[in-house]
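Okay, so here's the structure we're looking at.
Number of protein chains: 2
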Amino acid sequence: MQELRERIVADGEVIGRDILKVDSFLNHQIDPAFIQRMGQEIASRFAGAGVTKVLTVEASGIAVAAAAGLAMGVPVVFAKKKQAVTQQGELFSAEIFSFTRRESVHITVAPKYLISSDVVLIVDDFLAHGEALGGLVKIVRQAGAKLAGAGIVIEKRFQGGGQELRAEGIRIEALAVIESMEAGVIKFG
Amino acid sequence: MQELRERIVADGEVIGRDILKVDSFLNHQIDPAFIQRMGQEIASRFAGAGVTKVLTVEASGIAVAAAAGLAMGVPVVFAKKKQAVTQQGELFSAEIFSFTRRESVHITVAPKYLISSDVVLIVDDFLAHGEALGGLVKIVRQAGAKLAGAGIVIEKRFQGGGQELRAEGIRIEALAVIESMEAGVIKFG
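Read top to bottom, the protein sequences are chains A and R.
Counting along the first sequence from 1, when you hit position 5 you're at 906 in my numbering, and nothing is skipped either side.
Counting along the second sequence from 1, when you hit position 135 you're at 1036 in my numbering, and nothing is skipped either side.
Below, the structure written as structure tokens:
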């Protein structure tokens, strides 16, 4: 998506060798009209896949996932990172390691919102080591649902998560693919 | 908002005396088209207030805030609950106590996304004891920005947060106001 690559170049901040900060339009401040266009682009790439539900994980994935769900006319479920006292009973769950937060996080989905007849599109903001996406795939499998694939805003391909998951046969569509960020220079794939 | 009151009655689950679980369309699964209409309703109530930015806190407020921001044509900032390694330097911050999670949470906003010339509309999913809203108001004041008010999806008026903040002169618009939930019966205001 050309507009996204331009925004990454204009507003993105490379920290070290592998962190890309896009706080101005995705991870802290969001540009709602742009988010809407990205959601529509993800929806169009999975048109005809029979998607019945969009699945993401809080927090940065929610806005794009909601936009994709709106464009596809399906509900959006966001996995929770902490169990609220209002969450009860058996839950689908996975452990994911966050490299930006340097900690392991337990994510959960209530079984009533992901059922075996669902065709699930996973949507998330970043794909790097594949931890979050891998955890969400695990939850889709626990539900016995069908996985249509994953729509990702930015894939940092050099961190390898996408390759691993594609090797498992998962269809991944990224709106921008970054091949490297050596010396602060972003190279797109 | 009549549609919201109907959804709360149809899908809401009252737990104990003061917890309302609306996981089917707001807090775990979201109905994107409905969220969009709620965002538009919040935007219309603050039309003419000169709002330049919408402020919320992750995670459940994000989808409605994004919808309100889209309708108003302004950026949306979500306060973060954990400091990522990508967040550096001085931050606006507040401590808020979450009654549903029974813990205190530190929320932060990077100063570059909230400036003194901003006119801020706070958007959030619930207003109960006023902890989250109070914390966001504190952050708006730290920024020296003007507060247009707060657009809330569901206000549980019997928990008192709204009265306190209105007494401080803050304009609060709630799409549904709940006066009581005694014996599991939801009474709207």
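Ideal placement from N, C-alpha and C gives every residue a C-beta, glycine not left out.
Keeping to the same chain, check which residues put their C-beta closer than 7 Å to that of Ile931/R; ignore five residues upstream and five downstream. Position 30 of the second sequence, counting from 1, holds the residue named residue 931/R. These residues qualify, in order along the chain: Ala964.
Quick one: is Gln1060/A near chain R, going by C-beta distance under 8 Å? Counting from 1 along the first sequence, the entry for residue 1060/A is found at position 159. Not one chain R Cβ lies under 8 Å of Gln1060/A.
Express the C-alpha separation of Val1024/R and Ala966/R in angstroms, rounding to a whole number. Here residue 966/R refers to the residue found at position 65 when the second sequence is read from its first residue. Here residue 1024/R refers to the residue found at position 123 when the second sequence is read from its first residue. Looking at the two C-alpha atoms, the distance is approximately 6 Å.
Along the alpha helix (DSSP H) that carries Lys1039/R, what are the first and last residues, could you check? Residue numbering aside, residue 1039/R sits at position 138 when the second sequence is read from its first letter. Here the alpha helix (DSSP H) through Lys1039/R covers 1032-1044.
Contact residues within the stretch 1043-1058 of chain R, judged by C-beta distance below 7 Å to chain A: none
For Val955/A versus Val977/A, is the C-beta distance shorter than 8 Å? Taking the first residue of the first sequence as position 1, residue 955/A is located at position 54. Taking the first residue of the first sequence as position 1, residue 977/A is located at position 76. Yes, the pair counts as a contact, with Cβ atoms nearer than the cut-off.
Consult DSSP for Val925/R and reduce its assignment to one of helix, strand or coil. In the second sequence, counting from the first residue as 1, residue 925/R sits at position 24. The identity of residue 925/R in the sequence shown is Ser, whereas the question assumes Val. Three-state DSSP puts Ser925/R in a helix.
For Leu1066/A, which of helix, strand or coil comes out of DSSP? Position 165 of the first sequence holds residue 1066/A. Residue state, collapsed to three classes: helix.
Examine chain A for any beta-carbon lying closer than 8 Å to the beta-carbon of His929/R, and answer yes or no. On the second sequence, residue 929/R is found 28 positions in, with the first residue counted as 1. Closer than 8 Å to some Cβ of chain A, the Cβ of His929/R qualifies, so yes.
Could you please tell me which residues of the stretch 916-945 of chain A, in chain order, have their CB closer than 7 Å to any CB of chain R? Ile916, Ile920, Lys922, Asp924, His929, Gln930, Ile931, Asp932, Pro933, Ala934, Ile936, Gln937
Is the Cβ-Cβ distance between Gly962/R and Asp1026/R less than 8 Å? Indexing the second sequence from 1 puts residue 962/R at position 61. Indexing the second sequence from 1 puts residue 1026/R at position 125. Contact: yes.
Scan the stretch 992-1008 of chain A for residues whose Cβ lies nearer than 8 Å to a Cβ of chain R and list them as they occur along the chain. Thr1001, Arg1002, Arg1003
Residue environment, Ile1016/R, which counts as buried when at least 16 other CB atoms sit within 10 Å: Taking the second sequence and counting its residues from 1, one reaches residue 1016/R at position 115. Under this definition Ile1016/R is an exposed residue.
Uninterrupted beta strand (DSSP E) stretches inside the stretch 951-1008 of chain R (no shorter than 3 residues): 954-958, 977-980, 993-999
Per-residue contacts from Ile963/R into chain A (C-beta, under 7 Å): Counted from its first residue, the second sequence places residue 963/R at position 62. Ala960, Ile963, Ala964, listed in chain order.
Same chain, Cβ closer than 6 Å to Gly1090/A, neighbours up to 5 away in sequence not counted: Sequence index remark: in the first sequence, residue 1090/A carries index 189 (1-based). Closer than 6 Å at the Cβ level, and outside the excluded window around Gly1090/A, lie Arg1058, Val1078, Glu1080.
Where does Ala1011/A sit, in a helix, a strand or coil, going by DSSP? Translated into the one-based positions of the first sequence, residue 1011/A becomes position 110. Ala1011/A: coil per DSSP, three-state reduction.
Taking 8 Å as the threshold, find out whether the stretch 1035-1051 of chain A comes into contact with the stretch 945-953 of chain A through three or more Cβ pairs. yes
Between Pro933/R and Gly970/A, which are expected to be in contact by the criterion C-beta below 8 Å, what is the C-beta distance as a whole number of angstroms? By one-based count along the second sequence, residue 933/R stands at place 32. By one-based count along the first sequence, residue 970/A stands at place 69. So it is a contact: roughly 4 Å between Cβ atoms.
Cutoff 8 Å: Pro976/A Cβ touching any chain R Cβ: By 1-based counting over the first sequence, the position of residue 976/A is 75. So yes, Pro976/A belongs to the interface.
Give me, in chain order, the residues of the same chain whose beta-carbon lies closer than 8 Å to that of Thr957/A; leave out the 5 immediate sequence neighbours on both sides. By 1-based counting over the first sequence, the position of residue 957/A is 56. If we look at Thr957/A and ignore the five residues flanking it on each side, its Cβ neighbours are Ile963, Val965, Ala966, Val977, Val978, Phe979, Ala980, Ile1023, Val1024, Asp1025, Leu1037.
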